[in-house]
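Here's the structure, in structure tokens; my notes come after.
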Amino acid sequence: MKLVIGIVRPEKANDVLEALYRAEVRGVSMSRVQGHGGELDRVETYRGTTVKMGLADKVRFEVAVSDEFVDATIEALCEGARTGEVGDGKIFVVPLERAVRIRTGETDKSAVTPVVK
Amino acid sequence: MKLVIGIVRPEKANDVLEALYRAEVRGVSMSRVQGHGGELDRVETYRGTTVKMGLADKVRFEVAVSDEFVDATIEALCEGARTGEVGDGKIFVVPLERAVRIRTGETDKSAVTPVVK
Amino acid sequence: MKLVIGIVRPEKANDVLEALYRAEVRGVSMSRVQGHGGELDRVETYRGTTVKMGLADKVRFEVAVSDEFVDATIEALCEGARTGEVGDGKIFVVPLERAVRIRTGETDKSAVTPVVK
Amino acid sequence: MDTLTPILAAAARVDTGDTAWMLTATALVLFMTIGLGLFYAGLVRSKNTLNTFMMCIGAMAVAGITWALVGYSLAFDGTGDLVGGLGYAFLKDVGFEPFGATTIPHLVFFAFQGTFCIITVALVSGAVVERMRFGPFLIFAALWSLLVYSVLAHWGFGGGWLIEGGTLDFAGGIAVEMASGFSALAAALVVGARKDYGRQALLPHNAVFVLLGAGILWFGWFGFNGGSGFGTGNAGVLAFTNTMLTPACTLATWFVLDLIRGRKVTAIGAATAIVVGCVGITPAGGFISPAWAMVLGVLVTFPCYAIIVWRPRTRVDETLDVLAAHGTAGLVGILFIGFFAQADWNGISDGLVYGNADQLLWQTLAAVATPAYAFVATFLLLKLMGLVVPLRATEREEAIGMDVTQHGEEAYASGEGAILVTTEAGLEGPRPVAQPGAA
Amino acid sequence: MDTLTPILAAAARVDTGDTAWMLTATALVLFMTIGLGLFYAGLVRSKNTLNTFMMCIGAMAVAGITWALVGYSLAFDGTGDLVGGLGYAFLKDVGFEPFGATTIPHLVFFAFQGTFCIITVALVSGAVVERMRFGPFLIFAALWSLLVYSVLAHWGFGGGWLIEGGTLDFAGGIAVEMASGFSALAAALVVGARKDYGRQALLPHNAVFVLLGAGILWFGWFGFNGGSGFGTGNAGVLAFTNTMLTPACTLATWFVLDLIRGRKVTAIGAATAIVVGCVGITPAGGFISPAWAMVLGVLVTFPCYAIIVWRPRTRVDETLDVLAAHGTAGLVGILFIGFFAQADWNGISDGLVYGNADQLLWQTLAAVATPAYAFVATFLLLKLMGLVVPLRATEREEAIGMDVTQHGEEAYASGEGAILVTTEAGLEGPRPVAQPGAA
Amino acid sequence: MDTLTPILAAAARVDTGDTAWMLTATALVLFMTIGLGLFYAGLVRSKNTLNTFMMCIGAMAVAGITWALVGYSLAFDGTGDLVGGLGYAFLKDVGFEPFGATTIPHLVFFAFQGTFCIITVALVSGAVVERMRFGPFLIFAALWSLLVYSVLAHWGFGGGWLIEGGTLDFAGGIAVEMASGFSALAAALVVGARKDYGRQALLPHNAVFVLLGAGILWFGWFGFNGGSGFGTGNAGVLAFTNTMLTPACTLATWFVLDLIRGRKVTAIGAATAIVVGCVGITPAGGFISPAWAMVLGVLVTFPCYAIIVWRPRTRVDETLDVLAAHGTAGLVGILFIGFFAQADWNGISDGLVYGNADQLLWQTLAAVATPAYAFVATFLLLKLMGLVVPLRATEREEAIGMDVTQHGEEAYASGEGAILVTTEAGLEGPRPVAQPGAA
Ligand SMILES: Nc1ncnc2c1ncn2[C@@H]1O[C@H](COP(=O)(O)OP(=O)(O)O)[C@@H](O)[C@H]1O
Ligand SMILES: Nc1ncnc2c1ncn2[C@@H]1O[C@H](COP(=O)(O)OP(=O)(O)O)[C@@H](O)[C@H]1O
Ligand SMILES: Nc1ncnc2c1ncn2[C@@H]1O[C@H](COP(=O)(O)OP(=O)(O)O)[C@@H](O)[C@H]1O
């Protein structure tokens, strides 16, 4: 299993969710982050204080998937998040040794496939 | 060492902290996330706009522990977070290659055991 | 490649960003977290309710780097974040199997070195 | 009302200046309910923000209507001992001519008094926030405004036994402050504590709202107290000025007690102190000298502070401490009149200190009868309602939060993960939006 | 204005009481624009908060100036059918003597009317928030305040054909409510929908601001309606009281409709109901009895609610529903007068129900002519502006958010990752601050 | 005060209309201090929100009391050149009869002036937020209100050498604006800069609070300026109307300067412009024509804007720019009177432009003497205090934030990780709550 981390533009978050859904990926966690990379800094002014904003708002997705799902997940993230302009974000894949579903105690693969209602 | 990631219900956060404390786990970081899984969507209405909320608020714990602590940590997370209803959350275990305590530069095991006051 | 996670004091966040910049580390994501460790609890009072605050605000950095950059990154984090008092934070290094730049689809090393404008 | 007696002789005609001030005062008091909503909303957890605010808005809707239909009449029609008549029901005979001996149009008098009814109902909600269902609260608000507020308003303002007997209550120590405070206690007992009460720390999610809300309350209180002379006469002017002095003294005293207790002056405490000071002077405003008003500001702090510190150690989850801030301070103010009322200042009556023991007697009567009636009536009302309809949300709903479960909204929505359900008739083939989890 | 006719005989002199109330009312109405800014700001996404609020602030600057220079004169100088003269331009002859038959100084009358112009301009912005560029909006505000507001103010208040003909409009159903509502529709059509409209859920980012903003609006509306009698006379007093009763009924009705629709009473809905109720009573305030005012509060809810539910299903992104809340409610109020105006209460004229069909005719005329003029004039104005200057931000800017792109600020800045650019002349060798990414 | 001279002849009696307006004005000015607290709180970092707001609340407590005890007397008792007497100390002889030649009760006059003292003290706090300890600030507030405010209020309003000599100051260019501005400079120098000043970007954490706060300030300023005629007479009416016109012009000018400087109109800038405009018209309100008031609105913008841009480049951390917004604008307003005062409008005196050079002389004297006294007195006061008690928090406390370290609270608490310390006497065996880390 892998833990796939995707960092994308906030305005693309819903598109990513949709893409993941299409890719049959059901479980996902997301959080707001701020990122710095190749994007140009914004200039902001507050009264006499002028600042360069080196960070841009991003949304971070964290998806635990079984190995065969990794590529599909990455594709979904790319498809949903790409605009082609600098700042689209990154995907990181980290090895996942164990996964547990708290409710049932089930572990590993079964844990990362949510119940279908 | 492992990095144990636990995603739980916000209302269970304090219970989890307590359980971790009981399990002698001292160091922990937590953050607010939103998650999607098997939970039913909420319907919300704002004037003429009706939406399905596909995400539920969750709290994400990140705990670095030496290997012998992994099971205790997982149990603590489960004990503190379980309600038995869909949405209780997940635990992910990721390999941790190095840990450093910034204050002292100590690394690895010693780094993840906080000073006892 | 590694994923370096650094948890530091919020007031040190800008210093860390500067140190990372000096270390030629260009890409980074950060988020606000709350942490518990060896720090003393704060006491807060709201009308009749007195509480011990077991969590302190921290900032979490997530930096994906190629192996040769790991040490530089760790040093930068330590340099920028250290105050010498309990609560300075931790650094965790996790193996990174794949990295993808969403905009281009480039993977791995090239993905974690941002375009230079 | 009693402040009218002396001028009852005078032929009543509408005075533009008095009317101007009373229009302002009425708007100010209505604004107080908004301030209260903000004050309360800041004191609860973010997941219950809207529900808490909405209880105040709900009071504006429900009590505003019941007041116009019958409440006003029950409170102000005639001098029946316990309750007024129905002569003014459905606003009958409420027009442009001055009311009683006042110099303002009856319509303005009616509106001014209506804003009092509204905020009193809203105040009670503080006892049951974060768990009481919204529908039942609206029903409760409607019934309570008639069964408790109108009755006590009649006793204290409208010609009932207390005012006729001689009790002095300038701006609502009886009908507003003690009524809401002791009803809040009853409501808390019937509805029961929040599930996490006493087990988890339930903290104010936005102290800025609390401070701003308290500020709006103080601002509005100048209309509340300053308007209760029904014009720009001495009584109103005195009450107005005292409304500036008393809370200042309460604030300073609260600072000191905070320092003694925790070596820190708290902001939530300061916001509370503003309310306590304003409540303390509410009954006494037009009857005591500015100097005594300052003393009252100091004295009233102690019992309120003590109860606020002690109450959370009990099992009584009277969540936003309406009893401490309103019931107690109102009671202290009512009794204070009995001692320090000064005919030199109010032209009506002296207190014990100035040689008139009777006054204290009547004040004490009010301080006993009002809490008793308010508590019992509210307790029975909610118990009976509870037989018909569940008063509180389920544990699950409480855990999720009242905003989502009662109102289907979030106070601070980000829109991420929100999927449009309403489809755009107009747009051909709108690209479907993300629907994760819709299995 | 028409409310003056009866007292035209009376020798006009300044009355201190009337002036006192009108000063208060003027301040209240100006405060409404702040409340509106907060109300609107809470309804948009956080990345557009400041831009939305700033459109209201911008209106205070721009319309405040145009009003003083020529707008006031165009609206209130003389009885030309379509537009006033320039006799009062640059505040000529606007001094301390009473205006017309009023009992307040001309300067106060001018200021009071100015606050109406300002808020009306601000209202229109609700149709174009989250995408219209700020510069062009300021230009639009200046031109619109003269070409649309002043003209319609003349028609309805200032001696134009409608008021002279006999149309009754107490506080601005014509110039304020219908004008802003139908201009908003035109503006939304010309500027076009937000890029994500109908494709993503665009939710209010702070419902507490929405509730507080609505509360401030209600508070201010007492000055808005209560002041439109230009004193403390019967008309003003009646309008004032009705401003408390109508919104209460609208709130209650809205609650019911919400329950029927979604089994939940919504907070954003309640805030909207407050506005709808206040708008509904705006034209009718001084002309109908309190009882009819309560009926109006109920009736006005239905069309507004229906439009608010239906509009988002269309391709028309009239973002904050100014048409539904102001245009529709204002129109209903104007027509309501035609049926239920009562000479017994207003001393001027009866409506159809009381046997005067003409009144309904004139009300209908206003309800047809005003929307037509407002819509067409606004549509053309923006179309022409569009030829000269791009009205809306680019898709990219819209995605990033208007606060950063239009104002170079964030509403809720944390300061992390912010690098000081201004260097400290004073400090020798200030240690350079983090500059990641500055390649 | 001087505005009274003309009517000194008239037999003074209380007028209900004038009193009605002054009651309103007093409440409005008190509300300004709440608005200021919100304005300031939004401008600081979130970890210092409550402490900043609390400095304003603290001023309401402390200055409210000192004013009643001796401050009022020192300011308004008699015509001593430098300071008043103690005749009114402890509110002696402050009752219902009109004060001096006014037509309002003495109590109202006292209360109205008291709100000025309170907000002036609160204004000064802007210079030392985010680092000054709360306790010492309260002591400073008490002493400053007597040593600086009361003295300068005597000079400018209460019968001191400036007003007696002929200086015109309508609503407090001397005692409020210049006093706070130049005292703020002194306070910033004595207390010293925040540790991160000039090294890190310290940004406003909530610009909505800043805009709403500025809006409340503008709203209240109508009472502040409009009430300084002590009634509904010409002077007050003129000042009131100018309070609408001047800030509108300042806003527009600020927009232009913002566009020139950064090609973007900023919201924080707009909020600042509102304050600057209101301050500019404060001294001149009742003395200059509306036309000149608009010119003043434009002119006053330039020096204030320049200082706000320049000051952060210095090592002077006068954090919230009280000097730029209040000191400078007040000074400009005071001088402006010397040129453009018009007896036709104010019935008292002309300025240089209308042929009276003396006026300019006396205005210049005020513009020199006031800043000098305010700066020196404040500087010495704080230096002396510094010898007895540490004025500022430690670096560590500053890093953690003043809310937690000074008040033991967070402005936006989530409750996660919070462990109840108060145990529930009532509950048998309450299950212990999480106590991680309590080793
Ligand atoms: N090495 C990295 N480690 C962690 N996050 C990164 C890294 N590089 C980029 N990011 C995240 O990805 C976002 C976009 O990266 P950026 O280089 O600006 O654009 P692009 O990926 O299109 O070249 C950044 O804002 C940051 O949040
Ligand atoms: N595969 C996954 N990757 C990341 N987070 C997940 C994953 N599956 C579930 N989660 C997180 O766990 C939460 C609960 O999961 P859910 O399936 O709804 O309930 P349960 O775990 O009880 O079946 C989700 O809201 C989400 O935050
Ligand atoms: N084992 C751990 N796992 C995850 N986060 C940790 C761990 N230990 C510490 N932290 C984070 O580091 C922060 C500082 O650690 P702490 O022990 O308080 O200080 P120090 O690192 O100086 O000993 C904590 O607040 C927490 O956020």
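Protein chains in written order, with the numbering used here: chain A, 1 to 117; chain B, 118 to 234; chain C, 235 to 351; chain D, 352 to 790; chain E, 791 to 1229; chain F, 1230 to 1668.
Note that CB positions come from ideal geometry on N, CA and C, so glycine has one too.
Alpha helix (DSSP H) containing V1350 (chain F): first to last residue? H1335 to V1353
Tell me the DSSP secondary structure of M147 (chain B) in three-state form. M147 (chain B) falls in the strand class under three-state DSSP.
Just the Cα atoms here: how many angstroms apart are L1560 (chain F) and G1329 (chain F)? 28 Å
When you measure from the CB of S1204 (chain E) to every non-hydrogen atom of ligand 1, does any distance come out below 6 Å? No, the Cβ of S1204 (chain E) stays beyond 6 Å of every heavy atom of ligand 1.
With respect to the beta strand (DSSP E) encompassing P127 (chain B), which residues constitute its N-terminal and C-terminal limits? Where P127 (chain B) is concerned, there is no enclosing beta strand (DSSP E), given that its DSSP letter is neither H nor E.
Would you say the beta carbon of K58 (chain A) is closer than 6 Å to some non-hydrogen atom of ligand 1? yes
Less than 6 Å between the CB of R218 (chain B) and some heavy atom of ligand 3, yes or no? yes
Kindly list, in the order they appear in chain A, the residues whose Cβ is closer than 8 Å to that of G946 (chain E). Within chain A, no residue comes near G946 (chain E); the closest Cβ sits about 42 Å away, beyond 8 Å.
Going by DSSP, which residues form a beta bridge with F716 (chain D)? Correcting the residue identity first, residue 716 (chain D) is Leu in this sequence and not Phe. Within the DSSP bridge table, the entry for L716 (chain D) names no partner.
Report buried or exposed for K119 (chain B), applying the criterion of at least 16 other Cβ atoms within 10 angstroms of its Cβ. buried
Which residues share a DSSP beta bridge with H995 (chain E)? Partner(s): none; H995 (chain E) has no beta bridge.
Could you check whether the Cβ of R276 (chain C) sits closer than 7 Å to any Cβ belonging to chain F? yes
Between K207 (chain B) and ligand 2, is the CB less than 6 Å from at least one heavy atom? yes
T1501 (chain F) burial status per 10 Å Cβ neighbour count (16 or more: buried): By the 16-neighbour rule on beta-carbons within 10 angstroms, T1501 (chain F) is buried.
I'd like to know if R332 (chain C) contacts chain E, where contact means its C-beta is closer than 7 Å to some C-beta of that chain. Chain E contact via Cβ: absent.
To which residues does DSSP link P449 (chain D) through a beta bridge? In the DSSP output, where bridge partners are listed per residue, P449 (chain D) has D:P456.
Reduced DSSP category for V1106 (chain E) - H, G, I as helix; E, B as strand; rest coil: coil
On the DSSP letters alone, give me the boundaries of the beta strand (DSSP E) that T167 (chain B) sits inside. T166 to M170
What are the residues in the region 606–624 of chain D lying within 7 Å of chain F by C-beta distance? F606, G613, K615, V616, T617, A618, I619 and A621
Can you give the Cα-Cα distance for H1555 (chain F) and V1504 (chain F), rounded to whole angstroms? 8 Å
Can you tell me which of the three DSSP states R1423 (chain F) falls into? Per DSSP, reduced to three states, the secondary structure at R1423 (chain F) is coil, with no helix or strand assignment.
Shorter than 7 Å from the beta carbon of F829 (chain E) to some beta carbon of chain F? no
Alpha carbon to alpha carbon, what distance is there between I191 (chain B) and E185 (chain B)? 11 Å
Spatial neighbours of A504 (chain D) within its chain, please: C-beta separation below 6 Å, excluding the five flanking residues on both sides. A426 and A526
Check whether chain B comes within 7 Å of L771 (chain D), counting only Cβ atoms and requiring the distance to be less than that. yes
Should the region 1407–1416 of chain F be called in touch with the region 1335–1343 of chain F, which here means at least 3 C-beta pairs below 8 Å? No: the two stretches stay apart, fewer than three of their Cβ pairs being nearer than 8 Å.
Only counting the same chain, and skipping five residues up and downstream in sequence, which positions put a Cβ closer than 6 Å to that of L1474 (chain F)? P1519, A1522 and M1523
Could you name the residues of chain E that G1455 (chain F) contacts, counting a contact when the two beta carbons are closer than 8 Å? The answer, in chain order, is L813 and A817.
With a threshold of 16 other CB atoms inside 10 Å of the CB of A1558 (chain F), please say whether the residue is buried or exposed. Buried, by the Cβ-count rule.
For T518 (chain D), the three-state DSSP class (helix, strand or coil): coil
Please report the residue range of the alpha helix (DSSP H) in which V819 (chain E) lies. T806 to L833
Quick one: is L401 (chain D) near chain E, going by C-beta distance under 7 Å? yes
Any C-beta of chain A under 7 Å from that of E746 (chain D): no
Along chain B, which residues have their Cβ under 7 Å away from the Cβ of E342 (chain D)? Residue 342 (chain D) cannot be examined here, being either before or after the span of chain D that is shown, 352 to 790.
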